[in-house]
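Student: Structure provided below as structure tokens; questions to follow.
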Amino acid sequence: MHNIGVVMYLMHNFYIFITSFFLSLIMVPAIRKWAMDSGAIDFPGERRANNRAIARAGGVAIFIPFIFSVLVYVDIDRGVRGVLAGSLLIFFTGLIDDLYQLTARQKFAGQISGCLVAIMVGQLYLTDLGNLFALGDIILPLWAGGLFALFAMVGVINALNFIDGLDGLAGGLSVVALLAFFWLGLQERNMPVLAISAGLLGGLLGFLKFNSFPARIFMGDTGSLVIGFLLGCISIMLSQGEPGAVNAVVPLMILSVPIVDTLVVMLQRSLSGRSVLSADRAHLHHKIMQLGFSHSITVFLIYAISLLWALVALVFRDSPEYWLFFVFVVGSALLHWFVNLLLQRRMTFKLSDKPKITCTAGLSSFSYYADKAADLFIVAGMIFYVALATIESETSQVYPVFLIVVLIGFVACFTFWRLPDKINLFCVLSMLPIALINYYVEVWSDELANTGTLFASADNIVFLLLAFFVAIKFLLLKSIDSVLDIFFEFFLFAMALILAVVSSDLDATYYLSGVISKCIVAFLALKFLARKNKTKALLVGLIFNVSLSVIIVRTLLCS
Numbered sequence: 002m003h004n005i006g007v008v009m010y011l012m013h014n015f016y017i018f019i020t021s022f023f024l025s026l027i028m029v030p031a032i033r034k035w036a037m038d039s040g041a042i043d044f045p046g047e048r049r050a051n052n053r054a055i056a057r058a059g060g061v062a063i064f065i066p067f068i069f070s071v072l073v074y075v076d077i078d079r080g081v082r083g084v085l086a087g088s089l090l091i092f093f094t095g096l097i098d099d100l101y102q103l104t105a106r107q108k109f110a111g112q113i114s115g116c117l118v119a120i121m122v123g124q125l126y127l128t129d130l131g132n133l134f135a136l137g138d139i140i141l142p143l144w145a146g147g148l149f150a151l152f153a154m155v156g157v158i159n160a161l162n163f164i165d166g167l168d169g170l171a172g173g174l175s176v177v178a179l180l181a182f183f184w185l186g187l188q189e190r191n192m193p194v195l196a197i198s199a200g201l202l203g204g205l206l207g208f209l210k211f212n213s214f215p216a217r218i219f220m221g222d223t224g225s226l227v228i229g230f231l232l233g234c235i236s237i238m239l240s241q242g243e244p245g246a247v248n249a250v251v252p253l254m255i256l257s258v259p260i261v262d263t264l265v266v267m268l269q270r271s272l273s274g275r276s277v278l279s280a281d282r283a284h285l286h287h288k289i290m291q292l293g294f295s296h297s298i299t300v301f302l303i304y305a306i307s308l309l310w311a312l313v314a315l316v317f318r319d320s321p322e323y324w325l326f327f328v329f330v331v332g333s334a335l336l337h338w339f340v341n342l343l344l345q346r347r348m349t350f351k352l353s354d355k356p357k358i359t360c361t362a363g364l365s366s367f368s369y370y371a372d373k374a375a376d377l378f379i380v381a382g383m384i385f386y387v388a389l390a391t392i393e394s395e396t397s398q399v400y401p402v403f404l405i406v407v408l409i410g411f412v413a414c415f416t417f418w419r420l421p422d423k424i425n426l427f428c429v430l431s432m433l434p435i436a437l438i439n440y441y442v443e444v445w446s447d448e449l450a451n452t453g454t455l456f457a458s459a460d461n462i463v464f465l466l467l468a469f470f471v472a473i474k475f476l477l478l479k480s481i482d483s484v485l486d487i488f489f490e491f492f493l494f495a496m497a498l499i500l501a502v503v504s505s506d507l508d509a510t511y512y513l514s515g516v517i518s519k520c521i522v523a524f525l526a527l528k529f530l531a532r533k534n535k536t537k538a539l540l541v542g543l544i545f546n547v548s549l550s551v552i553i554v555r556t557l558l559c560s
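In this text, residue positions in the sequence shown follow our numbering: the first is 2, and each later residue adds one.
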């Protein structure tokens, strides 16, 4: 039963993730055009990594998918209500800054306002700091806990904002942190943390498709302020109160790269007599690039450092607070000392020209094999999924429309074979038998759930793996337009989301949401196959139709 419970947690949050992910993918091109027309543009400059004008305010395509998916799928409690209310204030602060350039004081006022709303409405007090110095637990009074929470949240907001200096850097660091937070939330059964992490992760991954080097759009303050705020809120929700508070140092270690980088830069500026908000090139990513590393390798190295800290935090999460805090302080100090030592000795690494070509060749090789593996599992996974439907699924009644669906499915396969340019028609019409198969599998797995067997959740496990390989295919694409290339397909996704929203009124919430999610993934999988290998796509389409025919015939014979 424990395995089934974990799968159900994953499935519910996968609905949140996939909704936010696809909305972000769809919204980014439109937001990019709107930002360019509105003047929200980053022009090349001395402190800019871009060499051409690039739209900012891309955070709109992160925040709106996030808040929509959370509102659709999550039961809003006090904590989530506070987080969403505060995030709205932070979002509009960042959006106004991207459009009209606020002063530092005005930005701070907006940040403080949003954080205070989250603290007061959501009761997000930071009162238990744990045993940081081996002298006993540090417990703050409520008023001090509120002030410390405000300080921590504003600090994380600006830490992520300051490190947002290279293509995909802030977004990638946030993805690493969110994956770690999601894992912690899963271990502690902290549903608000799971929902917020899944929604924000989906929006970020959809956005990173367009923000990775070379970026076509920047998240701007609209994105960095909101993401930093949400990461700060998640950290407090994990480390304070119930259910199951984690060690307070663990979120600090997970967010160590942006936090320590900001503290080091502000300290250096103060010691040199400059304002802590003055502009310079003293951030970690600037120093690594000064060592001779290229833009993309610099981002990769910082990702690796962040991932290492996250793994240490997760593996040693149950260790004493003072031990973790010691490792955090010493490890951070050694990292920055080592980088500064290399700069002082004028050491450089020639990894921006020829080695970059080698790296690109290796990446191409990896992409080739990843693409092949994804194709193989998509075919195998969909066939196995269909096999589940034909083993035990039963329906007490077969309507004439089911027979029509089978007929339409075979016509779609025949049309696809005779007219190879009708890929879109083939994939759309194939959704009819696929939807019915999905429904049968949902009903059957729900009936088996009471048995407590692992096989009862096999369909969900296959589905999650299939979604993973579809995501790999998306990441390997140069443009989403090569898959979703007609307006009708975007319309289908929108209608699917609307149907999921109203499913509670149809008394079929679980079945309908499951069928919708699996149909979306199956459609994308079929579209990928159809564009690359017509025979494989046709094989999958025929298998779905034959399987549905077997189910219908068996039901008619047994009735």
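All C-beta atoms, glycine included, are put in the ideal place defined by N, C-alpha and C.
Are Leu-170 and His-286 closer than 9 Å when you measure CB to CB?
Tutor: It is a contact, given that the beta carbons lie within the stated cut-off.
Student: Within a Cβ cutoff of 8 Å, which residues of the same chain sit near Val-118, ignoring the five residues on either side of it in sequence?
Tutor: Taken in chain order, the residues that qualify are Gly-83, Ala-86, Gly-87, Leu-90.
Student: Evaluate the contact criterion for the region 210–226 versus the region 53–60: three or more CB pairs, one atom per stretch, below 8 Å.
Tutor: Enough Cβ pairs lie closer than 8 Å, so yes.
Student: Would you check if the region 148–164 and the region 224–234 touch, i.e. whether three or more CB-CB distances between them fall below 8 Å?
Tutor: Yes, the region 224–234 is in contact with the region 148–164.
Student: For Met-267, which option in Leu-278, Leu-540, Pro-259 has the closest C-alpha, if you only look at C-alpha atoms?
Tutor: When each option's Cα is compared against that of Met-267, the closest is Leu-278.
Student: Please classify Ala-58: does DSSP put it in a helix, a strand, or coil?
Tutor: If DSSP states are grouped into helix, strand and coil, Ala-58 belongs with coil.
Student: Does the region 171–184 come within contact of the region 295–315, defined as at least 3 CB pairs closer than 8 Å?
Tutor: Touching, yes, given that three or more Cβ pairs across the two stretches are closer than 8 Å.
Student: Using DSSP's beta-bridge definition, name the partner residues of Gly-131.
Tutor: Its beta-bridge partners are Ile-139.
Student: Are Val-551 and Ala-468 close, meaning C-beta to C-beta below 9 Å?
Tutor: Contact flag unset, no.
Student: Could you pull out every unbroken beta strand (DSSP E) segment of at least 3 residues lying fully inside the region 190–224, listed in chain order?
Tutor: Fully enclosed beta strand (DSSP E) runs of 3 or longer: not present.
Student: Could you check the C-alpha separation between Gly-233 and Gly-131 for me, to the nearest Å?
Tutor: The alpha-carbon atoms of Gly-233 and Gly-131 are separated by roughly 18 Å.
Student: Verify the CB distance criterion: does Ser-548 have a CB-CB separation below 9 Å to chain D?
Tutor: Here chain D cannot be found, since the structure has a single protein chain.
Student: Would you kindly report the start and end of the unbroken alpha helix (DSSP H) that includes Asn-248?
Tutor: Neither: Asn-248 is in no alpha helix (DSSP H) and is coded neither H nor E.
Student: What does a CB cutoff of less than 7 Å around Glu-322 pick up in its chain, not counting 5 residues either side in sequence?
Tutor: Same-chain partners within the cutoff: Gly-131, Asn-132, Leu-133, Asn-248, Ala-249, Val-250.
Student: Mind checking Phe-545: buried by the 16 CB within 10 Å criterion, or exposed?
Tutor: That one is buried.
Student: Is it buried or exposed, Val-316, if we count other Cβ atoms within 10 angstroms and call 16 or more buried?
Tutor: Exposed: under 16 other Cβ atoms inside 10 Å.
Student: Nearest CA to the CA of Ile-113: which residue from Gly-147, Ile-435, Gln-102, Leu-136?
Tutor: Considering only alpha carbons, the answer is Gly-147.
Student: Got a sec? Which residues, its chain only, sit under 7 Å from Gln-269 by beta carbon, not counting five neighbours each side?
Tutor: Cβ neighbours of Gln-269 beyond the five flanking positions: Ala-283.
Student: Please name the residue in Leu-525, Leu-151, Gly-274 whose C-alpha comes closest to that of Leu-143.
Tutor: Selected option, being the one with the closest Cα: Leu-151.
Student: Can you tell which of Met-254, Gly-137, Gly-166, Val-265 has its C-alpha closest to the C-alpha of Leu-312?
Tutor: Nearest of Met-254, Gly-137, Gly-166, Val-265 to Leu-312, Cα basis: Met-254.
Student: Out of His-337, Lys-537, Phe-208, which has the shortest C-alpha to C-alpha gap to Val-258?
Tutor: It is His-337 whose Cα lies nearest to the Cα of Val-258.
Student: Give every residue of the same chain whose Cβ lies closer than 8 Å to the Cβ of Phe-15, excluding the five residues on either side of it in the sequence, and list them in chain order.
Tutor: Around Phe-15: Ala-199, Leu-465, Ala-468, Ser-518.
Student: How should Tyr-74 be labelled, buried or exposed, when 16 other C-beta atoms within 10 angstroms of its C-beta is the threshold for buried?
Tutor: That one is buried.
Student: Below 8 Å on the Cβ atoms is my guess for Phe-69 versus Leu-24; work out the distance and round it to an integer in Å.
Tutor: The pair is a contact, with the Cβ atoms about 6 Å apart (cut-off 8 Å).
Student: Please identify the residue among Leu-239, Ser-276, Leu-209 whose C-alpha is closest to the C-alpha of Arg-190.
Tutor: Arg-190 has its Cα closest to that of Leu-239, out of Leu-239, Ser-276, Leu-209.
Student: Per DSSP, what are the beta-bridge partners of Ile-42 in this structure?
Tutor: In the DSSP output, where bridge partners are listed per residue, Ile-42 has Ala-56.
Student: With DSSP run on the structure shown, which of helix, strand or coil describes Phe-317?
Tutor: Here Phe-317 sits in coil by DSSP.
Student: Could you pull the start and end residues of the alpha helix (DSSP H) that Asp-78 belongs to?
Tutor: Per DSSP, Asp-78 belongs to no alpha helix (DSSP H) and is neither H nor E.
Student: Assuming contact is defined by CB atoms lying nearer than 9 Å, are Ile-260 and Val-157 in contact in what I supplied?
Tutor: Taking 9 Å as the Cβ cut-off, Ile-260 and Val-157 qualify as a contacting pair.
Student: Measuring only the C-alpha atoms, how far is Ile-487 from Ile-235?
Tutor: Any answer about Ile-487 is weak, because its pLDDT of 49 lies below 50 and its placement is not dependable; what the coordinates show is given next. Taking the straight line joining both Cα atoms gives about 38 Å.
Student: Grab the span of the alpha helix (DSSP H) containing Gln-269 for me, first residue to last.
Tutor: Element bounds for Gln-269: 257–272.
Student: Between which two residues does the alpha helix (DSSP H) holding Gln-241 run?
Tutor: Gln-241 -> no alpha helix (DSSP H), and no H or E assigned at all.
Student: Thinking just about the alpha-carbon of each residue, which of Leu-433, Leu-292, Phe-301, Met-37 is nearest to the one in Leu-543?
Tutor: Leu-543 has its Cα closest to that of Leu-433, out of Leu-433, Leu-292, Phe-301, Met-37.
Student: Quick one: is Ile-140 buried, meaning 16 or more other Cβ sit within 10 Å of its Cβ, or exposed?
Tutor: That one is exposed.
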